[in-house]
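Step one of this worksheet: look at the structure below.
Chains as they are written, first to last, in our numbering: chain V, 802 to 1071; chain F, 397 to 714.
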């Protein structure tokens, strides 16, 4: 077990346990997601009664979309956060120096931490609103094992894409004194372009196509469509491919940014 | 074969300062210049100097997280900046004001992560952990989340974390900062044992007692240069350091006049007398007691900062 895989697994497990120590916060968060889910589901219900079949979703799908997106919100960190909070704090305090002398891949270290966090939040802040949605609003769970498998793969990719985006934002902290401003900007962008507020299919022409091609669509829109079986068969595989391409591109960009940042610190001084 | 070798190492930083509305001026700041020294295996070296002298810059270069602007640097035969990951397995680092431990998790989890990070074979890990737990008295703390530890306990945890992979060299950047007397004593006792077991130690501190109790060799750095390299008595001799005799007389009076003794301050019936640190206090006390009626007296040891300050002042004049 003394391999790198073992190390990253231990890191992810530790991160999972770390989040699990804050039980009340988790409970309060799950409650918040559920309340927001109720408000949004009621809104969507009214909207789809007035305009049935809007965006190609039937009414049940529309309501289910809300509950799946609420379930994903924190796990995929659509509004930022997760490892980003830790990395930002470590950059600000200079603790980052300690991370740099460790014999470990910096990017992989943080990805492992974020996956551990996401796993915990998916099981708690994801499961609670989804169950509430089924009980209160008759949200529809898929019956096929294949759909669940595709969905879970898509969620894993969603977290990785989100990690890539958040890493690039955080890493600007090596140059700027604080990446907080950029992060706020990203929050707004992500809120619209991830499909968190409204399914991207409802956007006007032009904006819709653009939003569907940008990486943020990977965070909420794509996993939701797979869950709803809005995209099946070849379209589902294409959706996963889309996420994978962005995950790889962003990870590569993160690697470049990291080596520039490290060089900046190591050569120019912090 | 030296474990640490620095040959004419320098490090400059570029600082941009704002001049006027838009213009920015670039200025070169030399943190370290022409730094040369070697450390042999098994030594315990105190590396001291005022704030901003270049101590941390040196430690950062020795760990490979800063590249020197010039000169040659080797630690355990490795160029730190080029082979940082390889070097990391041979060195341990403790920054007194930073922690490598996982804040929300029990100490044990952080140690387990260190084991994987440095790929310590399980039998050796168990042996090293048992030794650290015993010497640092961590037994009851292993299952406590780090955030619940006191500063002293956390520091002991950090020390253990830095030593689980059997490093050849241990760098300590102010390991006793902010600790109470008892915790300081424990940390020092542990470091002495670690050093006696063969680990080379390089220690920066502002606490003279750390140096007195641990290090045979002291290096003083100021403005990025080594201004002294030798033992502690030598430092006091070269720094013309002085001890202070504080006497409370029965009555206020004229400054005490004794050969070889300088009156530094008079405040009511209390007087401060300075004399060379190498001289014994006994004859001076006897002489004062003989001629002046005394209420009380105490002897103050020289402070390392004063010694260094005097050395630096001497260096610029001379």
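A virtual CB, placed ideally from N, CA and C, is assigned to each residue, including glycine.
Asked                                                                                                           : Found
Nearest-angstrom Cα separation, counted from residue 403 (chain F) out to residue 1019 (chain V)                : 53 Å
Neighbour flag for residue 575 (chain F) against chain V, beta carbons, 9 Å                                     : no
Residue of F:482, F:493, F:672, F:521 minimising C-alpha distance to residue 891 (chain V)                      : F:493
Per-residue contacts from residue 905 (chain V) into chain F (C-beta, under 7 Å)                                : 513
Residue 671 (chain F) at chain V interface by Cβ criterion, 9 Å                                                 : no
Straight-line gap, residue 968 (chain V) to residue 1055 (chain V) (C-alpha atoms, nearest Å)                   : 7 Å
Given residue 1002 (chain V) as reference, the closest of V:850, V:808, V:902, V:855 once Cα atoms are compared : V:855
Cβ-Cβ separation, residue 488 (chain F) to residue 566 (chain F) (assumed contact under 8 Å), whole Å           : 5 Å
Residue 845 (chain V) CB to nearest heavy atom of the ligand HEM below 8 Å                                      : The ligand HEM is not among the ligands present in this structure, which contains no ligands whatsoever.
Collapsed DSSP secondary structure at residue 519 (chain F) in the structure displayed                          : helix
Distance CB(residue 459 (chain F))-CB(residue 503 (chain F)) smaller than 9 Å                                   : no
CB contact flag (residue 522 (chain F), residue 534 (chain F), <9 Å)                                            : no
Per DSSP, the bridge partner or partners of residue 667 (chain F)                                               : F:643, F:662
For residue 965 (chain V), the nearest candidate out of V:1006, V:857, V:1036, V:907 (CA to CA)                 : V:907
Whole-angstrom distance between residue 849 (chain V) and residue 860 (chain V), CA atom to CA atom             : 6 Å
Cβ shell of residue 550 (chain F) (< 8 Å), same chain only, five flanking positions each side left out          : 495, 497, 542
Whole-Å CB distance - residue 991 (chain V) paired with residue 888 (chain V), under 8 Å assumed                : Wrong, their Cβ atoms sit about 17 Å apart, outside the cutoff.
Element boundaries [alpha helix (DSSP H), containing residue 551 (chain F)]                                     : 547–559
Contacts of residue 881 (chain V) in chain F (Cβ-Cβ under 7 Å)                                                  : The contacting residues do not exist; residue 881 (chain V) stays about 20 Å from chain F at best.
Whole-angstrom distance between residue 499 (chain F) and residue 1013 (chain V), CA atom to CA atom            : 40 Å
Option nearest residue 630 (chain F) by Cα separation, candidates F:516, F:614, F:620                           : F:614
Assigned secondary structure, residue 714 (chain F) (DSSP; H/G/I helix, E/B strand, else coil)                  : The predicted position of residue 714 (chain F) is uncertain, since its pLDDT is 36 and thus under 50; no value can be drawn from it.
Between the CA atoms of residue 406 (chain F) and residue 980 (chain V) - distance to the nearest angstrom      : 31 Å
Three or more C-beta pairs below 8 Å linking the segment 648–664 of chain F and the segment 691–700 of chain F  : no
Which listed residue (F:611, F:639, F:575, F:437) has its alpha carbon closest to that of residue 697 (chain F) : F:639
Length of the line joining the Cα atoms of residue 1052 (chain V) and residue 962 (chain V)                     : 8 Å
Where residue 815 (chain V) meets chain F, residues with beta-carbon distance less than 7 Å                     : 498, 501, 505, 509
Alpha-carbon spacing of residue 702 (chain F) relative to residue 637 (chain F), whole angstroms                : 8 Å
Cutoff 9 Å: residue 713 (chain F) Cβ touching any chain V Cβ                                                    : Residue confidence for residue 713 (chain F) is low, a pLDDT of 42 falling below 50, so the modelled location carries little weight and cannot support an answer.
C-alpha gap between residue 803 (chain V) and residue 612 (chain F), whole angstroms                            : Residue placement at residue 803 (chain V) is poorly supported in this model, since its pLDDT is 46, which falls under 50; the coordinates still yield a value, given next. Going by the C-alpha atoms only, they are around 39 Å apart.
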